[in-house]
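Mapping the sequence shown onto full-length UniProt numbering, position 73 (from 1) lands on 73, and the numbers just tick up by one. Glycine included, each C-beta is placed from N, C-alpha and C at the ideal position. Here is the structure we will look at.
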Amino acid sequence: MADQLVYHYLTLGRLGRGEVVNLFLKDAGFEFDDVRYAYDDTWPETSKKLKQEGLTRTGLLPVIEHKGEKLTQHLPILRYFAREIGGYDGETNWEKYIVDAVADIYIDWRAQWVANLKGGNAEYKNKVVPDYYNLVGQYYSEREGPYLLGDKVTYVDFAVFQSIDNDRRTGTLPESLPESLVKFEKAFEARPKIAEYIKEHK
C-alpha cells in the first residue's frame, strides 16, 4: 500500500537519532510498521545492502517510507511531517527561526556525542555538554514554557529531549540542568503517548 508508513532503524533501544523520529511519530498519532536492523558486526554488510537496494542513499538510518517516497535525515523527516500535518512548528516566521536555530545547536551537540561514544573524551563531558545545555536552556527560559515556544510542542523539543536522555544513558549528563530544561523534561515525559512509551521501554 503506497500510503503505508514504514520506519526503518537500528536495534539501539532508546539511543540514537532514530528514536527522535520514533517519539515524534508516536506523539503525533501516526501508525507505522517498525522494521529494525541489528547493530552488530553484521551492520556494515546490511548497510551496504540497504544502499544497493535504494532504501538509503547514505547507508545510514533512520529511513521512513511514506507515500512512495523514502525520507532520510532525522530532522528533515520531522520537518516534513510537521508541515504535512500543519503542527509541531512555529506559527510565525520568527518562531520558525527559533525552532530551526535550536535544531542547529542540537545537530552540533549530536556530532560531538557520537564522537564521544567510545568514551574517554573529558572535553566533551566537562565543556561541550555543559555549554550545550546552558545555551539551549537560555532559549527555553525566554518563554514560560514548558516547551521551547511556550505551551505548544514543536519538532525540536523531541530532539532536545533525546539529547538529555542520551547523555543520561551514557553517563555524560551534567549533575544539574538549567531550571528551564528540568521543567521541559518533566512536561515532555508527561505527554500521554510519550509517558506510555517510556513506561514500556525503560
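Assigned secondary structure, residue i (DSSP; H/G/I helix, E/B strand, else coil)
i, result
"Y9", "strand"
"V20", "helix"
"R110", "helix"
"G137", "helix"
"D88", "According to the sequence shown, residue 88 is Tyr rather than Asp. DSSP places Y88 in coil when its eight states are reduced to three."
"A2", "In this prediction, A2 scores a pLDDT of 42, lower than 50, which makes its location untrustworthy; the coordinate-derived value is nonetheless stated afterwards. It is coil, neither helix nor strand."
"L82", "One detail in the question is off: residue 82 reads as Ala in this sequence, not Leu. Helix."
"R169", "helix"
"E142", "coil"
"L25", "helix"
"N126", "helix"
"D100", "helix"
"F184", "helix"
"N116", "coil"
"F30", "coil"
"D157", "helix"
Which residues DSSP lists as bridging residue i, in chain order
i, result
"I64", "Y7, L71"
"Y147", "G150"
Bounding residues of the alpha helix (DSSP H) (the contiguous stretch that carries residue i)
i, result
"Y37", "Counting along the chain, Y37 falls outside any alpha helix (DSSP H), though it belongs to the beta strand (DSSP E) covering 33-37."
"T46", "43-52"
"L177", "No alpha helix (DSSP H) holds L177; DSSP gives it neither H nor E."
"E196", "192-200"
Handout entry: Contact between the stretch 4-24 and the stretch 46-66 (3+ Cβ pairs under 8 Å)
Key = Verdict: yes, contact present.
Practice task
Taking 8 Å as the threshold, find out whether the stretch 149-159 comes into contact with the stretch 19-26 through three or more Cβ pairs.
Solution key: They touch, by the three-pair rule.
Exercise for the section: Count the C-beta pairs between the stretch 177-184 and the stretch 140-152 that are closer than 8 Å, then say yes if the count reaches three, no if not. Expected result: Taking a cut-off of 8 Å on C-beta distances, the stretch 177-184 touches the stretch 140-152, as three or more cross pairs fall below it.
Practice task
Flag this pair as touching only if the stretch 144-151 and the stretch 76-85 have three or more C-beta atom pairs under 8 Å; answer yes or no.
Solution key: The count of Cβ pairs closer than 8 Å, one atom from the stretch 144-151 and one from the stretch 76-85, stays below three, leaving the stretches out of contact.
Problem - contact_flag[the stretch 163-177, the stretch 117-135] where n(CB pairs < 8 Å) is 3 or more - result: A contact between stretches requires three or more CB pairs, one per stretch, nearer than 8 Å, and the stretch 163-177 meets this requirement with the stretch 117-135.
Problem - Given 8 Å, three or more beta-carbon pairs between the stretch 101-111 and the stretch 32-51 - result: Counting C-beta pairs with one atom in each stretch, the stretch 101-111 and the stretch 32-51 have fewer than three that are closer than 8 Å, which means they do not touch.
Exercise for the section: Specify whether the stretch 22-38 and the stretch 179-197 touch according to this definition: at least 3 beta carbon pairs, one from each stretch, less than 8 Å apart. Expected result: Verdict: yes, contact present.
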